[in-house]
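Let me begin by presenting the structure, written as structure tokens, before commenting on it.
Listed below in structure tokens is the structure:
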């Protein structure tokens, strides 16, 4: 390695480490401060390391607010939305990639075009629809508009296109019906794509904010982000340590899933991006 | 399926696989897109929902009113500033991170990659809780660091001069990780021989970046610019949780304006504003494809 390369390396490390501190630092501060007393959080100048560790903030999440309920709501909604997308998107993905039927191209283009429609365009009519169906402030109302997302169709179709036709043809020659082929051959081959889609959908649903903010109108239907937002602004504002502990509860499950399954995540982003 | 299978049977099989998704998609996506367009040419208000037939057709009135609406104009300008500065900022940060991690000089690449990606997977509400406090004029860490350097930091989110820039920087901070992953994948697809040949020919690192990396990254850069642009044009959650659109509407965005009009019950007017956004998104996508994708791809 030349001397120039060594300097380049040192500078590069310094820049990347500084960037890492800027990006990850706020999360570290959030976690540490959630164990501080309210007085210490508001002290000037601010501290990093807690001078007295306390669990008061976390205890109050349970005793003063109904965080277990919000947590359960977030989980229920995210799990149903994820299962729905896995099922519906793999079914239509198979049809779009491997079956030849009239209307296929138009169907795909319509679904793809939906990716460009801003959320605000569908937001108001969706709300009117859900209200008129009598589903405001219900789990069904929280879940229904998200069960079938265009992104999943795109991802599953792209993945299925890469699966060789021979495999499916061979099963057809053996007399297997399309449904049997789908469940027995295609779906097992799709595991990597299903993992990616499952993680991305779960995450999007867990973090989803605007829709539950409008549809969930009583405490027992709030999801975590809704509760956190409502308690951090306006008249219901709660003290800061409690908010930080709440933020940790929102972030931690995602963080654990992400760290455990990051390969699926990052591969999913990269492949859907470039195909 | 072999082509010998009759057309009607292929239709039945294909559509039976597509049916569950398509049914939900029709009701909860396509129908709302059409309904929104219809609503935008009526004077529908929240109070009319019980008697939808009493609603009047008003033609393009809502659209014309939008351009006289001071708040909408303000929101459009804010959104444009956010996109024009935010997109390049995010792309440059993502390119820098991707190239730094791909240079072959760095160990612990996985650690950096995961770290940079962390804000992407985090709830915006949680991020807002933390950032509002970090940017607090008195007790915040940002200003205490600036004070240590002898700088008197502003009240970032409470001052109309710094509120929008703060949100732009925060959005870039939050989103550059996902572009970085896309760019890294593209960088790894560039054959290594190209750089070796260039080194033998005496090209420096910067020249190699300009002559090899940038041209070959074109499709990825285009894709990154389009999806970031589409996302940033819809700016909404950041101002909602950070500033509630204030102070003095300095962080009001078009989506936020739609949301407010919806809250006031002006459904027809809100729908018209959302369609203006839709048109802007389509136009931006087409424009970016023309500008960046004009050559051979």
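Chains as they are written, first to last, in the numbering used here: chain F, 1 to 275; chain A, 1001 to 1297. Where is the CB? At the ideal position from N, CA and C, for every residue including glycine. Because the structure is a prediction, the values reported are computed rather than measured.
### Query
What does residue 1057 of chain A pair with, by DSSP beta-bridge criteria?
A/1042
### Message
Tell me which residues of the segment 1152-1183 of chain A have at least one Cβ-Cβ distance to chain F shorter than 8 Å, keeping chain order.
### Response
1173, 1177, 1178, 1181, 1182
### Message
Does any residue of chain A have a CB that is nearer than 7 Å to the CB of residue 163 of chain F?
### Response
no
### Task
Would you check if the segment 1107-1116 of chain A and the segment 18-31 of chain F touch, i.e. whether three or more CB-CB distances between them fall below 8 Å?
yes
#### Entry: Contact residues within the segment 1190-1213 of chain A, judged by C-beta distance below 7 Å to chain F
none
### Task
Give me the Cα-Cα distance between residue 110 of chain F and residue 33 of chain F, rounded to the nearest whole angstrom.
48 Å
### Task
Give a yes or no on whether the minimum CB-CB distance between residue 10 of chain F and chain A is below 7 Å.
no
### Query
Using DSSP with H/G/I as helix, E/B as strand and the rest coil, what is residue 1217 of chain A?
coil
### Continuous alpha helix (DSSP H) stretch holding residue 1091 of chain A: start and end
1070-1102
#### Entry: Contact with chain A by residue 208 of chain F, beta-carbon distance below 7 Å
no
### Query
In whole angstroms, what is the alpha-carbon distance linking residue 1026 of chain A and residue 85 of chain F?
15 Å
### Query
Where does residue 36 of chain F sit, in a helix, a strand or coil, going by DSSP?
coil
### Task
Would you mind working out which of A/1189, A/1022, A/1172, A/1213 sits nearest residue 1198 of chain A, comparing C-alpha positions?
A/1213
### Query
Can you name the start and end residues of the alpha helix (DSSP H) that residue 53 of chain F belongs to?
That residue, residue 53 of chain F, is in no alpha helix (DSSP H); it is neither H nor E in DSSP.
#### Entry: Enclosing alpha helix (DSSP H) for residue 1192 of chain A [first to last residue]
1192-1200
### Query
Going by Cα to Cα distance, which pick from F/146, F/119, F/56 is closest to residue 81 of chain F?
F/146
### Query
Taking residue 141 of chain F as the reference, which of A/1076, A/1275, A/1028 has the closest Cα?
A/1028
### Task
Go through its chain and collect everything with a Cβ distance to residue 1166 of chain A's Cβ below 7 Å, but skip five positions before and after it.
1135, 1156, 1157
### Query
According to DSSP, is residue 1257 of chain A helix, strand or coil?
helix
### Task
Taking only the alpha-carbon atoms, compute the straight-line gap between residue 1123 of chain A and residue 1179 of chain A and give it to the nearest angstrom.
18 Å
### Message
I want to see whether chain D comes within less than 7 Å of residue 1234 of chain A, judged by CB atoms only; does it?
### Response
No chain D appears in the structure shown, which is made up of the protein chains F and A.
### Task
Tell me, please, whether the CB atom of residue 126 of chain F is closer than 7 Å to any CB atom in chain A?
yes
### Message
If contacts are defined as beta-carbon pairs under 8 Å, then residue 1014 of chain A and residue 104 of chain F qualify, I think. What distance do you get, rounded to the angstrom?
### Response
6 Å
### Task
Take residue 1228 of chain A and list the residues in its own chain whose beta-carbon comes closer than 6 Å to its own, dropping the five residues that flank it on each side.
1087, 1090
### Task
Say whether chain F places a C-beta atom closer than 7 Å to the C-beta of residue 1112 of chain A.
yes
### Task
Output, in chain order, the set of chain A residues within a Cβ distance shorter than 7 Å of residue 45 of chain F.
1144
### Message
Quick check on residue 16 of chain F: buried or exposed, where buried means 16 or more other Cβ atoms within 10 Å of its Cβ?
### Response
buried
### Task
Check whether the Cβ atoms of residue 247 of chain F and residue 30 of chain F sit closer than 7 Å, and answer yes or no.
yes
#### Entry: Among F/171, F/166, F/176, F/149, nearest to residue 201 of chain F - alpha-carbon criterion
F/149
### Task
Could you tell me if residue 132 of chain F is buried or exposed, where buried requires 16 or more neighbouring beta carbons within 10 angstroms of its beta carbon?
exposed
#### Entry: 6 Å CB neighbourhood of residue 275 of chain F in its chain, flanking five on each side removed
Residue placement at residue 275 of chain F is poorly supported in this model, since its pLDDT is 34, which falls under 50; the coordinates are not used for a value here.
### Message
Tell me the DSSP secondary structure of residue 264 of chain F in three-state form.
### Response
helix
### Message
Do residue 204 of chain F and residue 185 of chain F have their beta-carbon atoms positioned less than 7 Å apart in this structure?
### Response
no
### Task
Measure the C-alpha to C-alpha separation of residue 239 of chain F and residue 42 of chain F and round it to an integer number of angstroms.
11 Å
### Message
Quick check on residue 89 of chain F: does DSSP put it in helix, strand or coil?
### Response
helix
#### Entry: Host alpha helix (DSSP H) of residue 1140 of chain A (start-end)
Neither: residue 1140 of chain A is in no alpha helix (DSSP H) and is coded neither H nor E.
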